[in-house]
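I have placed the structure first, in the form of structure tokens, so that the comments after it can refer back to it.
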Amino acid sequence: MGEKITIEQTAKYSSRGNKATRTGFGEALLEVGRQNPSVVALCADLTGSLNMNLFRKEFPERFIQTGIAEANMISMSAGLATTGKIPVASSFAVFATGRVFDQIRQSVCYSNLNVKICASHAGLTLGEDGATHQILEDIGLMRSLPRMTVVVPCDYSETKRATKAILEHVGPVYLRFGRPNVPDFTSDEDGFEIGKSIELHPGKDVTVIACGIMVWKALEAARILEKEGVTVRVINMHTIKPIDTLAIVRAANDTGAIVTAEEHQMYTGLGEAVANVCARNIPVPIEMVAVEDTFGESGKPDDLLKKYKLTTEDILEKIYLALRRKS
Amino acid sequence: MGKHLKPYPQEKRGKHLQLSTIDELKDMARQVRRDVIRMLAKSNSGHTGGSLGMADIFTALYFRILQHHPHQFRQGADHDMLFLSNGHIAPVWYSVLARSGYFSLDELNYLREVDSYLQGHPTCESGLPGIHIASGSLGQGLSVAVGAALGLRMDGKKGEVFCLMGDGECQEGQIWEAAMSAAHYQLGNLIGIVDYNNQQIDGEVSDVMDVEPFADKWRAFGWDVLTCDGNDIEHFIDTLEYLRKDKSRTKPVVVLATTVMGKGVPFFEGTMPDKSNWHGKAPSKEDEVKALEILGITVFGDF
Chain A
1 MGEKITIEQT
11 AKYSSRGNKA
21 TRTGFGEALL
31 EVGRQNPSVV
41 ALCADLTGSL
51 NMNLFRKEFP
61 ERFIQTGIAE
71 ANMISMSAGL
81 ATTGKIPVAS
91 SFAVFATGRV
101 FDQIRQSVCY
111 SNLNVKICAS
121 HAGLTLGEDG
131 ATHQILEDIG
141 LMRSLPRMTV
151 VVPCDYSETK
161 RATKAILEHV
171 GPVYLRFGRP
181 NVPDFTSDED
191 GFEIGKSIEL
201 HPGKDVTVIA
211 CGIMVWKALE
221 AARILEKEGV
231 TVRVINMHTI
241 KPIDTLAIVR
251 AANDTGAIVT
261 AEEHQMYTGL
271 GEAVANVCAR
281 NIPVPIEMVA
291 VEDTFGESGK
301 PDDLLKKYKL
311 TTEDILEKIY
321 LALRRKS
Chain B
1 MGKHLKPYPQ
11 EKRGKHLQLS
21 TIDELKDMAR
31 QVRRDVIRML
41 AKSNSGHTGG
51 SLGMADIFTA
61 LYFRILQHHP
71 HQFRQGADHD
81 MLFLSNGHIA
91 PVWYSVLARS
101 GYFSLDELNY
111 LREVDSYLQG
121 HPTCESGLPG
131 IHIASGSLGQ
141 GLSVAVGAAL
151 GLRMDGKKGE
161 VFCLMGDGEC
171 QEGQIWEAAM
181 SAAHYQLGNL
191 IGIVDYNNQQ
201 IDGEVSDVMD
211 VEPFADKWRA
221 FGWDVLTCDG
231 NDIEHFIDTL
241 EYLRKDKSRT
251 KPVVVLATTV
261 MGKGVPFFEG
271 TMPDKSNWHG
281 KAPSKEDEVK
291 ALEILGITVF
301 GDF
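Which chain is which? The protein sequence lines are A and B, in order.
Quick note on numbering: the first sequence equals residues 1 to 327 in UniProt numbering.
Quick note on numbering: the second sequence equals residues 1 to 303 in UniProt numbering.
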């Protein structure tokens, strides 16, 4: 990895402004709905929040309002899948995972049915509603299930591509996105292949592996360190399961240290998935930017990210730590 | 055996068997009970009571009522779909599936064994014909059936969806979420059948957690309610044929089928003197010999 890093390369990913990932989901759902009549959508009284009104308006006969009954929604989705439909079951991440874990386990994953669970408002950035709604355990819950694919896109554009990709894929999928407007910076040229991570920034000193809203912050950290002569590889690990083992092993081998970044509990999330791969293949120092075994609280998303140490500065700090441990 | 073989080998399927007379059906129900006792005694584990209690209903459904073809599972354009929500009575289901032609009778030898298609609770992951989805964790099946009924209706299919449940299972809140949604979506193509035996593992349903007034609850949730004797094949068939005659139903229907847990073998029936029941116990070898003697042999023969 001796290549010279230029400003042009890093500038490839500049923000086109802030946009919500859930908007990308709703728009892509409509597009896929137009192409594939088997796609049906279910929502538990959060149609507007999930941006599913577009689909509902154009395909009222393929939209199923389930009311505030998430367990029923997941099992109904499984039933629809037994008739050949491709159901998209949607709610806030807290209600679409932990609340209905047993339904997902038995009726979806064990039964290997083609159900897509698409969840918004994940993590601290749900904001003011507070800890009851800020699920930080969903990635862990979903990646613990055999047969489940777990996808966490990083911006509006990638959420669109991810939504299309999971609806092409046959089998259970959990797609996680969020509430706030966040930088939209990825491009269609990046493509989207489930299980294949994307290197957004080349580097040889350390690698940051991030998912969701932390990908942009990782990119910011890499750009800051460029000026200090430290080159940071940034990997957008949009699929947590199946994890891209090859990219992780290569990063460990090429850069000798890894920092993970996610809006999720440190236990059971992306960090542990990466650590698992490294521990079994190529042990290197790993630092984790994540919520450290605590619940969130009410507040503005940015204030919460600051308090719970999920900012660009926190990534920088963990990079320094990783670099120290490496040497 | 060999559940890794997918799809289930065609040559191992049996002949599609349908029965026309009540006498034949009664004989088959007796054979199904023999199968249940023999399977459970052999595996020395499993749920005897509910499997015996539902033998008449399963026999009536698979050999007379259902529009289905065992060799066109999942392909039948207008076939009925059946979901067993209280999956623990799988042995009676396995028996009728095998005897109506879905898979080889030989599979019945391997209930609950490693690598067997016949898992302790029903599963579809092995591709065993006849089973659409796993069940065992209670309360999910009616929701699944609601989804399937919506799916069939969207495609304009004529098949109807059957969902079998236990009365104790109706203590699960999700059953009532599903009931509410079935009425909301006016699922006239959905038929619920409840094994109304007032038994669950800890004792009588009325003692453990009363579900009464049961029929009123279903009516209040927007369902039509029919009652019948679930151990009287003729009565059950009459009830089902009566309700299926009406093709313009716009409400889901539930049949509360009164049954006796353990029916057919007197020493397994109902509540035992010590207040226990045969919900989750398997017959011993001695029980098996005695039970088979009471049931007697049939023209269909043991597996």
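Beta carbons: idealized from backbone N, C-alpha and C, even for Gly.
No experiment lies behind these values; they were computed from the predicted model shown.
With DSSP as the reference, identify every bridge partner of residue i, one or two as the case may be.
{"i": "Y196/B", "result": "T258/B"}
{"i": "M81/B", "result": "V161/B"}
{"i": "D229/B", "result": "T258/B"}
{"i": "K201/A", "result": "Before going on, a small fix: residue 201/A reads as His here, not Lys. H201/A pairs with V234/A."}
{"i": "I117/A", "result": "A89/A and Y174/A"}
{"i": "Q65/A", "result": "C43/A"}
{"i": "V291/A", "result": "Q265/A"}
{"i": "V265/B", "result": "In the DSSP output, where bridge partners are listed per residue, V265/B has none listed."}
{"i": "M181/A", "result": "Correcting the residue type first, residue 181/A is Asn in the shown sequence and not Met. N181/A pairs with A20/A."}
{"i": "L190/B", "result": "V161/B"}
{"i": "I286/A", "result": "I258/A"}
{"i": "E212/B", "result": "Its beta-bridge partners do not exist; DSSP assigns none."}
{"i": "T207/A", "result": "R233/A and I258/A"}
Would residue i and residue j qualify as a contact pair, given that the criterion is a beta-carbon distance under 8 Å?
{"i": "G192/B", "j": "V254/B", "result": "yes"}
{"i": "L270/A", "j": "I139/A", "result": "yes"}
{"i": "I233/B", "j": "L25/B", "result": "yes"}
{"i": "I86/A", "j": "N36/A", "result": "yes"}
{"i": "H264/A", "j": "V291/A", "result": "yes"}
{"i": "L42/A", "j": "A78/A", "result": "no"}
{"i": "Y94/B", "j": "L108/B", "result": "yes"}
{"i": "T66/A", "j": "S100/B", "result": "no"}
{"i": "T163/A", "j": "G195/A", "result": "no"}
{"i": "N253/A", "j": "S197/A", "result": "no"}
{"i": "T21/A", "j": "F192/A", "result": "no"}
{"i": "T97/A", "j": "N51/A", "result": "no"}
{"i": "L40/B", "j": "P283/B", "result": "yes"}
{"i": "I57/B", "j": "F236/B", "result": "yes"}
{"i": "Y267/A", "j": "D244/A", "result": "no"}
{"i": "I68/A", "j": "D102/A", "result": "no"}
{"i": "W218/B", "j": "G49/B", "result": "no"}
{"i": "E287/A", "j": "V249/A", "result": "no"}
{"i": "D205/A", "j": "V182/A", "result": "no"}
Count the other CB atoms, across all protein chains shown, that sit within 10 Å of the CB of residue i; report buried if there are 16 or more and exposed otherwise.
{"i": "A183/B", "result": "buried"}
{"i": "Y8/B", "result": "buried"}
{"i": "D23/B", "result": "exposed"}
{"i": "P273/B", "result": "exposed"}
{"i": "T239/B", "result": "buried"}
{"i": "E272/A", "result": "buried"}
{"i": "I65/B", "result": "buried"}
{"i": "M165/B", "result": "buried"}
{"i": "R34/A", "result": "exposed"}
{"i": "H16/B", "result": "exposed"}
{"i": "I294/B", "result": "exposed"}
{"i": "R280/A", "result": "exposed"}
Short of 8 Å in beta carbon distance, which residues of its chain neighbour residue i, apart from the five on each side in sequence? Order them along the chain.
{"i": "G173/B", "result": "G139"}
{"i": "E128/A", "result": "S298, G299 and K300"}
{"i": "H133/A", "result": "F92, V94, H121 and L126"}
Once you ignore the five residues that flank residue i on each side, which residues in its own chain have a CB closer than 7 Å to its CB?
{"i": "E8/A", "result": "Unreliable positioning characterises E8/A in this predicted model, as indicated by a pLDDT of 48, which lies under 50. A coordinate reading is not provided."}
{"i": "A81/A", "result": "P87, L113, N114 and V115"}
{"i": "A218/A", "result": "V208, A210, V234, A261 and I315"}
{"i": "N189/B", "result": "A149, L152, R153, E160 and V161"}
{"i": "D224/B", "result": "K251 and V253"}
{"i": "A60/B", "result": "L25, I233, F236 and I237"}
{"i": "E204/B", "result": "N198 and T271"}
{"i": "A257/B", "result": "I57, I193, V194, D195, Y196, C228, G230 and F236"}
{"i": "H132/B", "result": "M81, F83 and C124"}
CB-CB under 6 Å to residue i, same chain, minus the five flanking residues each way: which ones, in chain order?
{"i": "R16/A", "result": "D184"}
{"i": "residue 328/B", "result": "Residue coverage of chain B in this structure runs from 1 to 303, which leaves residue 328/B outside it and unanswerable."}
{"i": "K326/A", "result": "G256, A257 and P285"}
{"i": "P180/A", "result": "T125 and P301"}
{"i": "Y102/B", "result": "P70, P129 and G130"}
{"i": "K290/B", "result": "none"}
{"i": "K158/B", "result": "D78"}
{"i": "M1/A", "result": "Residue placement at M1/A is poorly supported in this model, since its pLDDT is 40, which falls under 50; the coordinates still yield a value, given next. The residues are K204 and D254."}
{"i": "T231/A", "result": "I5, G203, K204 and D205"}
{"i": "G168/B", "result": "Q200 and V205"}
Unbroken stretches of the alpha helix (DSSP H), 4 residues or longer, contained in the stretch 215 to 281 of chain A: Correct list: 245 to 255 and 270 to 281.
Every unbroken alpha helix (DSSP H) inside the stretch 132 to 162 of chain A [4 residues or more]: Here the runs fully enclosed are 138 to 143.
In chain order, each alpha helix (DSSP H) run of at least 4 residues that lies wholly inside the stretch 105 to 162 of chain B: DSSP runs (the alpha helix (DSSP H)) wholly in the stretch 105 to 162 of chain B: 141 to 154.
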